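Note that the numbering used here has the sequence shown beginning at 741, numbered continuously upward. For every residue, glycine included, the Cβ atom is placed at its ideal position computed from N, Cα and C. For clarity, every value in this text was computed on a predicted model and none was experimentally measured. Below: the structure, in structure tokens.
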Amino acid sequence: MSTQQSVLVLRLLGALLLATFNGCLPADGLHLSSLSVPRIIDVAQKAKLFCSYEMGNRTLNSVKWYKDGLEFFRYSPLTPPTTNWFPVKGVTIAEGSSHCNQFICNVELEKLNIHSSGQYRCEVSGDAPEFKLIDQTANMTVGVLPKFDPFISGVRHAYKYHDTLLANCSSEWSSPAARLMWHINNKTAPQHSLQPQINEITRNVEGFPLFASNLQLRLHLDDQRYISKSEMLELRCSADIMGLASARRESRVRTTVLALKDAGSNQRYTENGACISGQPASLAAWLLGLAHLLRWQRTQS
């Protein structure tokens, strides 16, 4: 082989490798496209498990669903019966809910309980001679999600500048516990204005540990980040569970802050609400001057 031919062969090999890495060649292997398992779900709901895959030029041998390593469902189109169920604690497949073919395999779980939480795995295998396997796992938590927004109490209709605002946010019983957060005019409340969150605990008849959370906000109404002039304060309390937007609930209240700070006369509100001026002349000096004026008028008459 000449040098020129060797260079040509190397170039062809390089192009072949590049095409392979770029996915230009037909795929002959299995590929699991997606796995969908709820991260958290209320015990009263049904859990829908979705698994989709691409077979390439292979034939599907089976799709298996596992919970914590134990198989509870199998779809095997080449071996009748094509659908099989296996008893696993905490897993009940809803009748008629399974739907599997060459591309997807979905099942729906009902009658969830405290034992239904765990790791769920979808495993797809190709046919002979390799019987190649691909799988993917996801965790699911079954709990008791709050049905109502958190309750805000202790907020008055109006406050004066320099007052202290005390507000309580309480969440409904839930499992897992909710993480409460305060926001003031869409800004996260500073940590120093919050009391440590309190979680009460009990247990329901189904065995779930239930938590009721409370978080107090203590805000001095002279913080320039929130108060500048007389304005409306919006307080928002959110209850997050596992940081998921789908499980988040929140409540809002508004209150008026009678701040009215006049920069021209440097007026301010005292603690009893009386407005005094910051001018050098005091009320006592004004009264003393009035007394001198009245005394002079009497001497003249």
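Problem set entry | Gln935 beta carbon less than 7 Å from that of Gln956 | Numbered from its first residue, the sequence shown carries residue 956 at position 216. Numbered from its first residue, the sequence shown carries residue 935 at position 195. Result yes, Cβ atoms of Gln956 and Gln935 sit closer than 7 Å.
For this session: Helix, strand or coil for Gln931, going by three-state DSSP, please let me know.
Result: Counting from 1 along the sequence shown, the entry for residue 931 is found at position 191. The three-state reading of DSSP puts Gln931 in helix, counting H, G and I together.
For this session: Note the first and the last residue of the continuous beta strand (DSSP E) segment covering His897.
Result: Counted from its first residue, the sequence shown places residue 897 at position 157. Here His897 belongs to no beta strand (DSSP E), and DSSP marks it neither H nor E.
For this session: Measure from the alpha carbon of Leu800 to the alpha carbon of each residue in Cys840, Ile981, Arg779, Ile781, then state which is nearest.
Result: As a first step, residue 800 is located in the sequence shown; it is residue number 60 there, counting from the start. Per the Cα distances, Cys840.
Exercise. When you compare only the Cα positions, how much space is there between Asp980 and Arg988?
Worked result: One-based indexing of the sequence shown puts residue 980 at position 240. One-based indexing of the sequence shown puts residue 988 at position 248. So the two alpha carbons sit approximately 5 Å from each other.
Problem set entry | Under 7 Å between C-beta atoms of Leu961 and Val997 | If you number the sequence shown from 1, residue 961 lands on position 221. If you number the sequence shown from 1, residue 997 lands on position 257. Against a cut-off of 7 Å, the Cβ pair of Val997 and Leu961 comes out as a contact.
For this session: Pull up the CB-CB distance for Cys862 and Leu770, whole angstroms please, since I reckon it's below 8 Å.
Result: As a working note, residue 862 is residue 122 in the sequence shown. As a working note, residue 770 is residue 30 in the sequence shown. No, Cys862 and Leu770 are not in contact; Cβ-Cβ is about 12 Å, not under 8 Å.
Exercise. In whole angstroms, what is the alpha-carbon distance linking Trp805 and Arg814?
Worked result: Along the sequence shown, one-based indexing puts residue 805 at 65. Along the sequence shown, one-based indexing puts residue 814 at 74. Using only the alpha carbons, I get a separation of about 6 Å.
For this session: Helix, strand or coil for Ile924, going by three-state DSSP, please let me know.
Result: As a first step, residue 924 is located in the sequence shown; it is residue number 184 there, counting from the start. Residue state, collapsed to three classes: strand.
Problem set entry | Own chain residues within Cβ distance below 6 Å of Lys788, not counting five before or after | On the sequence shown, position 48 is the one that residue 788 refers to. Here the set comprises Glu848.
For this session: Whole angstroms is fine: what's the gap from Trp913's alpha carbon to Asn944's?
Result: Numbered from 1 along the sequence shown, position 173 holds the residue referred to as residue 913. Numbered from 1 along the sequence shown, position 204 holds the residue referred to as residue 944. Cα-Cα distance, rounded: 10 Å.
Exercise. Just how far apart, CA to CA, sit Met982 and Pro916?
Worked result: Sequence index remark: in the sequence shown, residue 982 carries index 242 (1-based). Sequence index remark: in the sequence shown, residue 916 carries index 176 (1-based). Taking the straight line joining both Cα atoms gives about 8 Å.
Exercise. If we ignore side chains and look at the alpha-carbon of each, how far apart do Ala834 and Asp875 end up?
Worked result: To locate residue 834, count along the sequence shown from 1; it is residue 94. To locate residue 875, count along the sequence shown from 1; it is residue 135. Taking the straight line joining both Cα atoms gives about 23 Å.
Problem set entry | Euclidean distance between Cα positions of Leu905 and Asp808 | The sequence position of residue 905 within the sequence shown is 165, counting from 1. The sequence position of residue 808 within the sequence shown is 68, counting from 1. Rounded to the nearest angstrom, the two C-alpha atoms are 49 Å apart.
Exercise. Are three or more beta carbon pairs between the region 844-860 and the region 868-884 nearer than 8 Å?
Worked result: yes
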